[in-house]
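**Student:** From first to last, the protein sequence lines stand for chains H and C. First residue of the first sequence? That's 2 in my numbering, and the numbers climb one at a time after it. First residue of the second sequence? That's 2 in my numbering, and the numbers climb one at a time after it. Have a look at this one before I ask anything.
There are 2 protein chains.
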Amino acid sequence: MSGQVIALSGGIGGAKLALGLDRVLAPGELTIIANTGDDFRHLGLHISPDIDTLLYTLAGLDDPVKGWGRRDETWTFTRALAELGGEAWFQLGDGDLAIHVERTRRLAAGETLSQVTEALRRRLGIGARIVPMSDEPVATRVHTDEGWLDFQHYFVRRRCEPRVVGLDFAGAGEARMAPEVAAAFADPALRAVILCPSNPYLSVDPILAVPGMRAALAGCAAPVIAVSPIIAGQAVKGPTAKMMAELGLEPSAETVARHYEGLIDAFVVDEADAGLAIAGMQIAATPTLMRSLADKQRLARFVLGLAARLA
Amino acid sequence: MSGQVIALSGGIGGAKLALGLDRVLAPGELTIIANTGDDFRHLGLHISPDIDTLLYTLAGLDDPVKGWGRRDETWTFTRALAELGGEAWFQLGDGDLAIHVERTRRLAAGETLSQVTEALRRRLGIGARIVPMSDEPVATRVHTDEGWLDFQHYFVRRRCEPRVVGLDFAGAGEARMAPEVAAAFADPALRAVILCPSNPYLSVDPILAVPGMRAALAGCAAPVIAVSPIIAGQAVKGPTAKMMAELGLEPSAETVARHYEGLIDAFVVDEADAGLAIAGMQIAATPTLMRSLADKQRLARFVLGLAARLA
Numbered sequence: 002m003s004g005q006v007i008a009l010s011g012g013i014g015g016a017k018l019a020l021g022l023d024r025v026l027a028p029g030e031l032t033i034i035a036n037t038g039d040d041f042r043h044l045g046l047h048i049s050p051d052i053d054t055l056l057y058t059l060a061g062l063d064d065p066v067k068g069w070g071r072r073d074e075t076w077t078f079t080r081a082l083a084e085l086g087g088e089a090w091f092q093l094g095d096g097d098l099a100i101h102v103e104r105t106r107r108l109a110a111g112e113t114l115s116q117v118t119e120a121l122r123r124r125l126g127i128g129a130r131i132v133p134m135s136d137e138p139v140a141t142r143v144h145t146d147e148g149w150l151d152f153q154h155y156f157v158r159r160r161c162e163p164r165v166v167g168l169d170f171a172g173a174g175e176a177r178m179a180p181e182v183a184a185a186f187a188d189p190a191l192r193a194v195i196l197c198p199s200n201p202y203l204s205v206d207p208i209l210a211v212p213g214m215r216a217a218l219a220g221c222a223a224p225v226i227a228v229s230p231i232i233a234g235q236a237v238k239g240p241t242a243k244m245m246a247e248l249g250l251e252p253s254a255e256t257v258a259r260h261y262e263g264l265i266d267a268f269v270v271d272e273a274d275a276g277l278a279i280a281g282m283q284i285a286a287t288p289t290l291m292r293s294l295a296d297k298q299r300l301a302r303f304v305l306g307l308a309a310r311l312a
Numbered sequence: 002m003s004g005q006v007i008a009l010s011g012g013i014g015g016a017k018l019a020l021g022l023d024r025v026l027a028p029g030e031l032t033i034i035a036n037t038g039d040d041f042r043h044l045g046l047h048i049s050p051d052i053d054t055l056l057y058t059l060a061g062l063d064d065p066v067k068g069w070g071r072r073d074e075t076w077t078f079t080r081a082l083a084e085l086g087g088e089a090w091f092q093l094g095d096g097d098l099a100i101h102v103e104r105t106r107r108l109a110a111g112e113t114l115s116q117v118t119e120a121l122r123r124r125l126g127i128g129a130r131i132v133p134m135s136d137e138p139v140a141t142r143v144h145t146d147e148g149w150l151d152f153q154h155y156f157v158r159r160r161c162e163p164r165v166v167g168l169d170f171a172g173a174g175e176a177r178m179a180p181e182v183a184a185a186f187a188d189p190a191l192r193a194v195i196l197c198p199s200n201p202y203l204s205v206d207p208i209l210a211v212p213g214m215r216a217a218l219a220g221c222a223a224p225v226i227a228v229s230p231i232i233a234g235q236a237v238k239g240p241t242a243k244m245m246a247e248l249g250l251e252p253s254a255e256t257v258a259r260h261y262e263g264l265i266d267a268f269v270v271d272e273a274d275a276g277l278a279i280a281g282m283q284i285a286a287t288p289t290l291m292r293s294l295a296d297k298q299r300l301a302r303f304v305l306g307l308a309a310r311l312a
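Written out as structure tokens, the structure is:
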């Protein structure tokens, strides 16, 4: 079977399934809508962490050991910047810097974030389209027991240590879906919309906060399927479970499923959570931990198969 | 003896004598006026090659083998940028990038180039003040048989290969001396002004093109002494001799001395050029090739001794 597939993704966790989808789908079939709520300006550079993670992962440039950033990375810049008294809390790899400098230069020359991202993914030989949720700025801010923190300050500088009270996506109300996002949802060949196993609150909610996005998901004829980022009450990576507990939510696949209730047709959980049942929602269980490329491709095929059955 | 000393300097050649002067003078006695005609924006970054060479050289961060840039440098950024299709003809070392990013950030925040440079030299523990000739942009442009080229395009991209017909310092007419430049010339404790052995046409002339600079040299009570960058008809480094020939000038210490006629009280040549005599100009010969730090300090002491005798 063929047709178009949309995946909504944040960084690391989502990019794993995005890579699996990219490998099992034909070139041009996959459109990945990337969270840009984590985007920020640092040292005068426009940094798009989730777009970069997707680009590096799909181009095979990601660091499989560290789990973030580029492989074969060096750190001379950050060391030299610290020596000069510059702001060096955000570790910028020397190779990674290239994408920030090139993006910043192109944006300053008048290109949209969509155009820059499209040029980069083509240059890197990536088959999937990678599209920012919006070309306008949306900034995830974390309300903590230490007050409001910009996302990267919470995530990197404070290592997710402050207790989370709430979240806010500044600018989301005024943002418009990137043109390619609207086009992807309007495509009659659309056969599946997949919410990747990213943090629902930090990575998927900012995408859903862009006006029109929820309506696009609700209105599309293709099945909408989410994959749980929580396995047996644990997050595979990152602060999802900790943050859920702080927000007074039980860290479980069920909580995530209920978070997406009304928006998705089906929910994929790990075999460890196979017992889950929610009225009006198809639940499918399969191994969801993605270690190898084979794991990623297998899960991608599973989700696409589920979509085909639901169609 | 004590008192203030001003040195006019470009990059590599001038920085060698500047380092010698810095080491033999007491902290706070030396003000180096740096050429900024080579400054340019590249990839959205403000690059000041001669200021950086001075900072690296005086901080002991310079690469003694390569002769430019930083020691212990890595090149991951430039490789990654080429991979992304970015403009990678200007080799930016990973550590070197830090100074461009930090400078660009501070300038965008409203600091002057003088303020940024002062902060950097203090941070790097440099005793000498390093002052741009002007806080306003002056751009050296090279008129060649291929047309007008921006300096870095001529120097780096085209490796000084085009034949030079003329030079122009765009913006020099409107530029004002940086405040610390004027202050240094007005200091009653000024005991010497030294034109370092930099390229007279590419590195010293842009400084002299800033309105008021020639008058400041002519009007100051302290002796003005130039050191020849040409030894026995050869440039120690760089395109000086080639360019002189292309401009129809004999590449010789005498040609340089005559270029500075009326502006300097004395001219220091290498022993190889000891025979030189010019009416109305004191000529002093000494070994001027600076390989070791000892060479640099010895030449610095020689020039300062000459200034003391002329005072």
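For each residue, glycine too, the CB sits at the ideal point set by N, CA and C. Predicted, not measured: the structure shown is a model, and the values here were computed from it.
Here's the rule I'm using: 16 or more other beta-carbon atoms within 10 Å means buried, otherwise exposed. How should Lys67 (chain C) be labelled?
**Tutor:** Here residue 67 (chain C) refers to the residue found at position 66 when the second sequence is read from its first residue. Result: exposed.
**Student:** For Arg106 (chain C), go through chain H and note every residue whose CB falls closer than 8 Å to its CB, in chain order.
**Tutor:** By 1-based counting over the second sequence, the position of residue 106 (chain C) is 105. Going along chain H in sequence order, the residues near Arg106 (chain C) (Cβ under 8 Å) are Leu44, Gly45 and Gly87.
**Student:** Helix, strand or coil for Arg177 (chain H) per DSSP?
**Tutor:** Taking the first sequence and counting its residues from 1, the one referred to as residue 177 (chain H) is at position 176. In this structure, Arg177 (chain H) counts as coil in the three-state DSSP scheme.
**Student:** Tell me which same chain residues have a C-beta within less than 6 Å of the C-beta of Ala185 (chain H), skipping the five on either side of it?
**Tutor:** Working through the first sequence from its first residue, we reach residue 185 (chain H) at position 184. Ile7 and Thr32, listed in sequence order.
**Student:** Please specify which runs of the alpha helix (DSSP H), each continuous and at least 4 residues long, are wholly inside the stretch 119-146 of chain C, giving them in chain order.
**Tutor:** Whole alpha helix (DSSP H) segments, 4+ residues: zero.
**Student:** Could you check what DSSP says for Asp266 (chain H) in three-state terms: helix, strand or coil?
**Tutor:** Counted from its first residue, the first sequence places residue 266 (chain H) at position 265. Three-state result, Asp266 (chain H): coil.
**Student:** Identify every residue that forms a DSSP beta bridge with Leu9 (chain C).
**Tutor:** Locating residue 9 (chain C) in the second sequence gives position 8, counting from the first residue. DSSP lists C:Ile34 and C:Leu196 as partners of Leu9 (chain C).
**Student:** Distance cutoff 8 Å, beta carbons only. Does Val102 (chain H) sit that close to anything in chain C?
**Tutor:** Numbered from its first residue, the first sequence carries residue 102 (chain H) at position 101. Yes - at least one Cβ of chain C is within 8 Å of the one on Val102 (chain H).
**Student:** Should Glu74 (chain C) be flagged as near chain H, meaning a C-beta pair shorter than 8 Å?
**Tutor:** Here residue 74 (chain C) is taken as the residue at index 73 of the second sequence, counted from 1. It does; some Cβ of chain H falls within 8 Å.
**Student:** If you count every other CB in all the chains shown that lies within 10 Å of the CB of Leu196 (chain H), and 16 or more means buried, which is it?
**Tutor:** The residue you call residue 196 (chain H) lines up with position 195 of the first sequence. Classification for Leu196 (chain H): buried.
**Student:** So the candidates are H:Val132, H:Arg192 and H:Tyr155; which of them puts its Cα closest to the Cα of Arg142 (chain H)?
**Tutor:** For the purposes of this step, residue 142 (chain H) is identified with residue 141 of the first sequence, where counting begins at 1. It is H:Tyr155 whose Cα lies nearest to the Cα of Arg142 (chain H).
**Student:** Classify Met291 (chain H) as helix, strand or coil using the three-state DSSP reduction.
**Tutor:** Translated into positions along the first sequence, residue 291 (chain H) becomes position 290. Coil.
**Student:** Would you mind listing the alpha helix (DSSP H) stretches within the stretch 35-84 of chain H that are 4+ residues and don't spill past its ends, in chain order?
**Tutor:** Listed in chain order, the complete alpha helix (DSSP H) runs (minimum 4 residues) inside the stretch 35-84 of chain H are 50-60 and 77-84.
**Student:** Who are the Cβ neighbours of Arg71 (chain C) in its own chain at under 8 Å, not counting the five residues just before and after it?
**Tutor:** Indexing the second sequence from 1 puts residue 71 (chain C) at position 70. Counting only Cβ-Cβ distances below 8 Å, and skipping sequence neighbours, we find Tyr57, Leu62, Asp63, Asp64, Gly94, Gly96 and Asp97.
**Student:** Is the CB of Arg124 (chain C) under 8 Å away from at least one CB in chain H?
**Tutor:** One-based indexing of the second sequence puts residue 124 (chain C) at position 123. Judged by the 8 Å Cβ criterion, Arg124 (chain C) is in contact with chain H.
**Student:** For the 8 Å Cβ check, are there 3 or more pairs between the stretch 225-235 of chain C and the stretch 25-43 of chain C?
**Tutor:** The answer is no - the stretch 25-43 of chain C does not touch the stretch 225-235 of chain C, with fewer than three Cβ pairs under 8 Å.
**Student:** Report the neighbours of Leu330 (chain C) on chain H: residues whose CB is nearer than 7 Å to its CB, in chain order.
**Tutor:** Here chain C has residues from 2 to 312 only, and residue 330 (chain C) is not among them.
**Student:** Is the shortest distance between the beta-carbon of Gly96 (chain C) and the beta-carbons of chain H less than 8 Å?
**Tutor:** Here the question's residue 96 (chain C) lines up with position 95 in the second sequence. True, the Cβ-Cβ gap to chain H drops below 8 Å.
**Student:** Quick one: list the residues of chain C neighbouring Ala81 (chain H), beta-carbon separation under 8 Å, in chain order.
**Tutor:** Within the first sequence, the letter at position 80 stands for residue 81 (chain H). Within 8 Å Cβ-Cβ: Arg71, Asp95, Gly96, Asp97, Leu98, Ala99 and Ile100.
**Student:** Any Cβ of chain H within less than 8 Å of the Cβ of Thr77 (chain C)?
**Tutor:** Here residue 77 (chain C) is taken as the residue at index 76 of the second sequence, counted from 1. Thr77 (chain C) counts as touching chain H.
**Student:** So what's Leu93 (chain C) in DSSP terms, helix, strand or just coil?
**Tutor:** Taking the first residue of the second sequence as 1, we reach residue 93 (chain C) at position 92. Three-state result, Leu93 (chain C): coil.
**Student:** Once the 5 residues before and after Glu88 (chain C) are set aside, which same chain residues still bring their CB inside 7 Å of it?
**Tutor:** Counting from 1 along the second sequence, the entry for residue 88 (chain C) is found at position 87. Within the same chain, Glu88 (chain C) has close Cβ partners Leu44.
**Student:** At 9 Å on the CB atoms, spell out the chain C contacts of Ala109 (chain H), in chain order.
**Tutor:** By 1-based counting over the first sequence, the position of residue 109 (chain H) is 108. Neighbours of Ala109 (chain H) on chain C, chain order: Gly45.
**Student:** For Asp169 (chain H), which of helix, strand or coil comes out of DSSP?
**Tutor:** As a first step, residue 169 (chain H) is located in the first sequence; it is residue number 168 there, counting from the start. Reduced to three states, the DSSP call for Asp169 (chain H) is strand.
**Student:** Quick check on Leu250 (chain H): does DSSP put it in helix, strand or coil?
**Tutor:** On the first sequence, residue 250 (chain H) is found 249 positions in, with the first residue counted as 1. Three-state result, Leu250 (chain H): coil.
**Student:** Looking at the strands, I want to know which residues DSSP matches up with Met245 (chain C).
**Tutor:** The residue labelled residue 245 (chain C) in the question sits at position 244 within the second sequence. Answer is none; Met245 (chain C) lacks a bridge partner.
**Student:** Residues of chain C with CB closer than 9 Å to the CB of Leu121 (chain H), please, in chain order.
**Tutor:** The count along the first sequence starts at 1 and reaches residue 121 (chain H) at position 120. Chain C residues near Leu121 (chain H): Leu85 and Gly86.
**Student:** Using the three-state DSSP reduction, which class does Asp271 (chain C) fall into: helix, strand or coil?
**Tutor:** The residue you call residue 271 (chain C) lines up with position 270 of the second sequence. In the structure shown, Asp271 (chain C) sits in coil (DSSP, three-state: anything other than H, G, I, E or B).
**Student:** Within 10 angstroms of the Cβ of Glu251 (chain C), are there 16 or more other Cβ atoms? Answer buried if so, exposed if not.
**Tutor:** Position 250 of the second sequence, counted from the first residue, corresponds to residue 251 (chain C). Per the 10 Å Cβ criterion, exposed.
**Student:** Quick test of your reading: Val257 (chain H) and Leu218 (chain H), contact by CB under 8 Å. State the CB separation rounded to the nearest angstrom.
**Tutor:** One-based indexing of the first sequence puts residue 257 (chain H) at position 256. One-based indexing of the first sequence puts residue 218 (chain H) at position 217. No, Val257 (chain H) and Leu218 (chain H) are not in contact; Cβ-Cβ is about 16 Å, not under 8 Å.
**Student:** Using the C-alpha atoms, what's the distance from Ile34 (chain H) back to Pro133 (chain H)?
**Tutor:** As a position in the first sequence, residue 133 (chain H) is number 132, starting the count at 1. As a position in the first sequence, residue 34 (chain H) is number 33, starting the count at 1. Going from the Cα of Pro133 (chain H) to the Cα of Ile34 (chain H) covers about 6 Å.
**Student:** Leaving aside the five residues before and after Tyr261 (chain C) along the sequence, list all residues of the same chain whose C-beta is less than 6 Å from its C-beta, in chain order.
**Tutor:** Working through the second sequence from its first residue, we reach residue 261 (chain C) at position 260. These residues qualify, in order along the chain: Ala227.
**Student:** Are Asn200 (chain C) and Gly11 (chain C) close, meaning C-beta to C-beta below 8 Å?
**Tutor:** Here residue 200 (chain C) refers to the residue found at position 199 when the second sequence is read from its first residue. Here residue 11 (chain C) refers to the residue found at position 10 when the second sequence is read from its first residue. For Asn200 (chain C) and Gly11 (chain C), yes; Cβs fall inside 8 Å.
**Student:** Which residue from C:Pro138, C:Val139 and C:Arg159 puts its Cα closest to that of Gly148 (chain C)?
**Tutor:** Translated into the one-based positions of the second sequence, residue 148 (chain C) becomes position 147. Nearest C-alpha to Gly148 (chain C): C:Arg159.
**Student:** Mind checking which residues open and close the beta strand (DSSP E) that includes Ala219 (chain C)?
**Tutor:** For the purposes of this step, residue 219 (chain C) is taken as the residue at position 218 of the second sequence. Element bounds for Ala219 (chain C): not the beta strand (DSSP E) but the alpha helix (DSSP H), Met214 to Gly220.
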